[in-house]
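**Q** After the structure tokens below, expect a handful of questions from me.
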Amino acid sequence: MADASTSSHGDLKLTRITKSFGDFTAVDDMTLTIPQGSFFALLGPSGCGKTTTLRMIAGLEEPTAGSIHIGDTDITTKKPYQRPVNTVFQNYALFPHLSIFENVAFGLRRRGVKDVKEQVEKVLKLVELPHFADRKPTQLSGGQQQRIALARAIVNRPALLLLDEPLGALDLKLRRQMQIELKWIQTEVGLTFVHVTHDQEEAMTMADTIAVMNEGRIEQMGSPAELYESPCTAFVANFLGQSNLIRGKIESSDGESSVVQVNGQKISLLKSRNRSSTSSVLIGIRPEKIRIGLPEGLTSGNTLTGGIVSDVSFVGVSTQYVVEMPWKQDLMVFEQNDGGTPTLRAGDPVTLSWNEPFTFGLDGSEDVNAGAEMDGEA
Amino acid sequence: MNQAPIPTLPLGRRISRWFGRNIIRIYAVFGFTYLFIPVLYTFAFSFNNAGKSNLTWRGFTWSNWTNPCGAPEVCSALGNSIKIGLIATTVATIMGTLIAFAIGRHRFRGRTTTNLLIFLPMATPEVVLGASLLAMFLAFRINPGFWPTVIAHVMFSISFVVVTVKARIASLDPRLEQAAMDLYANEMETFKRVTLPLVMPGIAGAALLAFSLSFDDFIITNFNSGTLVTFPKFVYISAARGIPAQANVIGSSMFFLALFIVIAGQLVNRKKVR
Chain D
0 MADASTSSHG DLKLTRITKS FGDFTAVDDM TLTIPQGSFF ALLGPSGCGK TTTLRMIAGL
60 EEPTAGSIHI GDTDITTKKP YQRPVNTVFQ NYALFPHLSI FENVAFGLRR RGVKDVKEQV
120 EKVLKLVELP HFADRKPTQL SGGQQQRIAL ARAIVNRPAL LLLDEPLGAL DLKLRRQMQI
180 ELKWIQTEVG LTFVHVTHDQ EEAMTMADTI AVMNEGRIEQ MGSPAELYES PCTAFVANFL
240 GQSNLIRGKI ESSDGESSVV QVNGQKISLL KSRNRSSTSS VLIGIRPEKI RIGLPEGLTS
300 GNTLTGGIVS DVSFVGVSTQ YVVEMPWKQD LMVFEQNDGG TPTLRAGDPV TLSWNEPFTF
360 GLDGSEDVNA GAEMDGEA
Chain E
0 MNQAPIPTLP LGRRISRWFG RNIIRIYAVF GFTYLFIPVL YTFAFSFNNA GKSNLTWRGF
60 TWSNWTNPCG APEVCSALGN SIKIGLIATT VATIMGTLIA FAIGRHRFRG RTTTNLLIFL
120 PMATPEVVLG ASLLAMFLAF RINPGFWPTV IAHVMFSISF VVVTVKARIA SLDPRLEQAA
180 MDLYANEMET FKRVTLPLVM PGIAGAALLA FSLSFDDFII TNFNSGTLVT FPKFVYISAA
240 RGIPAQANVI GSSMFFLALF IVIAGQLVNR KKVR
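This is the structure:
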């Protein structure tokens, strides 16, 4: 049996991990290092291989190729009970025949820990359910079961805590609350959390580092802000938040920026934010970065003219516009409801403008819609 | 139609409406009466001050209940049935549970065939099973008696055990076992502390079923028991001369015991859920 306290030093390293089920490759030659103590999220649509990755780390699946290390210890072929890793399962998987106390004490008892009662009480206090020890799992609400599942895992102080869509079964309000609590608990106990989710908002709220997965590979890895502001593929740009991606061609370059020709209009793009190696480029701009105004009003920065408002929806904090451009592409614009701009109506002719550094450039051969409409499956 | 006041409906309509609303209740009353009149009759005649035969009512007495072994051979027959039932149940439950786990949890060559073959004894007429078992025992030069009866009972009970336990295993969330493994329980501990306790209600149900099948069996037993007398056999034999009232006492007791087990099980379950 692995002793969690001695092997808890070290990062999790996945080296060239591949997992195939028959002809289907769930995880494809993935290499990944997760630093100790971080809150790491594997984000992607269903079927992208994120859960398979998690199950290989937990020992519930064996990789077809590659190796998994925690620190210097190779755990690739170790049994689940030989790894200093604990999991919070998607539907919690609490033992229905055991009391909450015995559920939480399960791991401690198997490891022969002495002060079981003390430790269980402490962790139940941490998840704010100290008086539930004698109840059975079915007597608890979904949110409470979720916390017990978390308590049952972290009481073992694993080197690594895996969370498999832990908030998927909760309603929106409770999910928000648990997101904040999970983050707080992670800081409190200082364990490495690896969190699998398809919910980009959940990943962004909690994780220090996010790896966006697609078709068994990692598309991009970085902090939430990095991924959001500088996506490097159309998939990431569309899966994390929303993006306007417009096809263009680089016309000329000087010093720090290039001029991109977009359907007859000129857009300036910082060379450092351009991921395309050819002159064919996808211009990207986030909807909330765009200012919208009457044709004469806006001239500063990058501008696109000739738009017609085709839809307006008021969502409280902002107003969301759909603007049809002359080349028949709909662009999204989110405008803060701070009273700064007059409300526009469908049919109004508009000009869009934004600060030049907000523009990012992607490889022009990519699909504009990759990764769009793939989240929100729960 | 909401203007038409209900009290002015013609009598015929009102009666048919009443029937329409209560037909299921009426049907249920008839159904339960049909089911329980024989049981009630048996119970009532266990108090009969019977002479040679227990066919006509001759007055009330407690003596059958205070002296259930009063009739010759009735208690030795009951003892044989219980002994056979307990041994057969234990063996059939253990073997059937193991088979259920093999079929329910593992993929192996011949799994589908096994699945099908398990159903065969349930579909085969008992007369055929009993006769061929006897033929087999005689071919192996084993004389009919206690052990051949036990073997026969194990044989026909196993199928029922497998089916019952398999259903329970199928409803078991595999993630619970994964969670146990994840929480440092090895294969043996996972089985002992998670799998087995969760499948236990199914196994207990299967054991009860196996026991009642064994206790109840007449046809197969009659072929294979030789001179050994089990309780059903005793009742059958004495039917020719007149069944003693003690048989009613034992029959009623079995009924109330089964009822008690079912009610107790329900109560325990309800407490667990709450």
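Those protein sequences? They're chains D and E, same order as listed.
Note that numbering that gives the first Met the number 0 has the first sequence beginning at 0, numbered continuously upward.
Note that numbering that gives the first Met the number 0 has the second sequence beginning at 0, numbered continuously upward.
Using N, Cα and C, we set each Cβ at its ideal position, and we do this for glycine too.
(1) Among the candidates L303/D, R285/D and I282/D, whose CA atom is the shortest distance from the CA of G292/D?
(2) Opposite D163/D in the DSSP bridges: which residues?
(3) Along the beta strand (DSSP E) that carries G103/E, what are the first and last residues, could you check?
(4) Could you list which residues in chain D have their beta carbon closer than 9 Å to that of Q177/E, in chain order?
(5) Among R146/D, M212/D, Q81/D and A64/D, which has the Cα closest to the Cα of A233/D?
(6) Taking one C-beta from the region 223–242 of chain E and one from the region 110–127 of chain E each time, how about it: are there three or more such pairs within less than 8 Å?
(7) What are the start and end residues of the alpha helix (DSSP H) that includes I153/D?
(8) From the beta carbon of A184/E, is the nearest beta carbon of chain D less than 7 Å away?
(9) Does the region 40–58 of chain D touch the region 197–205 of chain D, meaning 3 or more C-beta pairs lie closer than 8 Å?
(10) At the 7 Å Cβ level, is T5/D part of the contact set with chain E, yes or no?
(11) Between the alpha carbons of A104/D and L166/D, how many angstroms are there, rounded?
(12) Thinking A76/E and F233/E are a contact (beta carbons under 8 Å), I'd like their distance in whole angstroms, please.
(13) Are V115/D and L107/D closer than 7 Å when you measure CB to CB?
(14) Quick one: what's got a C-beta closer than 8 Å to E188/E's C-beta in the same chain, skipping five residues either side?
(15) By alpha-carbon positions, which one of F100/E, T65/E and G84/E ends up nearest to L195/E?
(16) Going by beta-carbon coordinates alone, are T208/D and S37/D separated by less than 7 Å?
(17) Shortest alpha-carbon distance to R272/D belongs to which of Q264/D, I282/D and K265/D?
(18) Looking at the structure shown, is I141/E part of a helix, part of a strand, or coil, going by DSSP?
(19) Please state the DSSP three-state secondary structure of W146/E.
(20) R110/D touches chain E at which residues, Cβ-Cβ below 8 Å?
(21) Scan the region 199–260 of chain D and note each continuous beta strand (DSSP E) run of 3 residues or more that stays entirely inside, going in chain order.
(22) Between T60/E and the rest of its own chain, which residues show a CB-CB distance below 8 Å, the 5 nearest in sequence each way excluded?
(23) Less than 7 Å separating the beta-carbons of T76/D and L161/D?
(24) Okay, do the region 196–213 of chain E and the region 159–169 of chain E touch, 3+ Cβ pairs below 8 Å being the bar?
(25) Under the assumption that G84/E contacts F210/E (Cβ atoms under 8 Å), give the Cβ distance between them as a whole number of angstroms.
(26) Quick one: is the Cβ of M135/E within less than 6 Å of any heavy atom of the ligand NAD?
(27) Considering only C-alpha positions, which residue in the set T63/D, E61/D and V308/D is nearest to D329/D?
(28) Looking at the unbroken alpha helix (DSSP H) that takes in T39/D, where does it start and where does it end?
(29) A92/D and R174/E look like a contact to me (Cβ under 8 Å); what is the Cβ gap, rounded to whole Å?
(30) What beta strand (DSSP E) runs, 3 residues minimum, are completely inside the region 289–371 of chain D?
(31) Is the Cβ-Cβ distance between V261/D and I245/D less than 7 Å?
(32) Give me whichever residues DSSP pairs with I202/E in a beta bridge.
(33) Please tell me whether K288/D and F357/D are closer than 7 Å, where the distance is taken between their beta carbons.
(34) Which value, in whole angstroms, describes the spacing of the CA atoms of A3/D and L182/E?
(35) Output, in sequence order along the chain, the residues in the region 149–180 of chain E whose CB is closer than 8 Å to any CB in chain D.
(36) Would you report the Cα separation of R274/D and G254/D, rounded to the nearest angstrom?
**A** By the coordinates alone:
(1) L303/D
(2) V195/D
(3) It is not in any beta strand (DSSP E) - G103/E instead sits in the alpha helix (DSSP H) that spans V73 to R104.
(4) R54, A57, L59, P79, T86, F88 and A92
(5) Ranking the options by Cα distance to A233/D, first place goes to M212/D.
(6) no
(7) G141 to I153
(8) Chain D has a Cβ within less than 7 Å of the Cβ of A184/E.
(9) yes
(10) Any answer about T5/D is weak, because its pLDDT of 40 lies below 50 and its placement is not dependable; what the coordinates show is given next. No, no contact with chain E.
(11) 23 Å
(12) That pair is a contact at about 4 Å.
(13) yes
(14) A179
(15) F100/E
(16) A distance below 7 Å separates the beta carbons of T208/D and S37/D.
(17) For R272/D, the closest alpha carbon among the candidates Q264/D, I282/D and K265/D is that of I282/D.
(18) coil
(19) helix
(20) Within 8 Å Cβ-Cβ: Y183.
(21) Scanning the region 199–260 of chain D from its first residue to its last, the whole beta strand (DSSP E) runs of 3-plus residues come out as 208–213, 216–221 and 243–253.
(22) F46, N47 and N48
(23) no
(24) yes
(25) 5 Å
(26) Within the structure as shown, the ligand NAD is missing, as the structure has no ligands at all.
(27) Of the candidates T63/D, E61/D and V308/D, the one whose C-alpha sits nearest the C-alpha of D329/D is V308/D.
(28) Thr is not the amino acid found at residue 39/D; the sequence shown has Phe there. For F39/D, no alpha helix (DSSP H) encloses it; the enclosing beta strand (DSSP E) starts and ends at F38 to L42.
(29) Contact holds; Cβ gap of about 4 Å.
(30) The DSSP assignment places complete beta strand (DSSP E) segments of no fewer than 3 residues inside the region 289–371 of chain D at 290–292, 301–313, 317–323, 329–335, 348–353 and 359–362, in order along the chain.
(31) yes
(32) BP columns for I202/E are empty, so no partner.
(33) Taking 7 Å as the cut-off, the Cβ atoms of K288/D and F357/D count as close.
(34) Only weak support is given to the placement of A3/D: the predicted model assigns it a pLDDT of 44, under 50, and the question is left unresolved by the model.
(35) Answer in chain order: D172, R174, L175, Q177, A178, A179 and M180.
(36) In this structure, the alpha-carbon of R274/D lies about 17 Å from that of G254/D.
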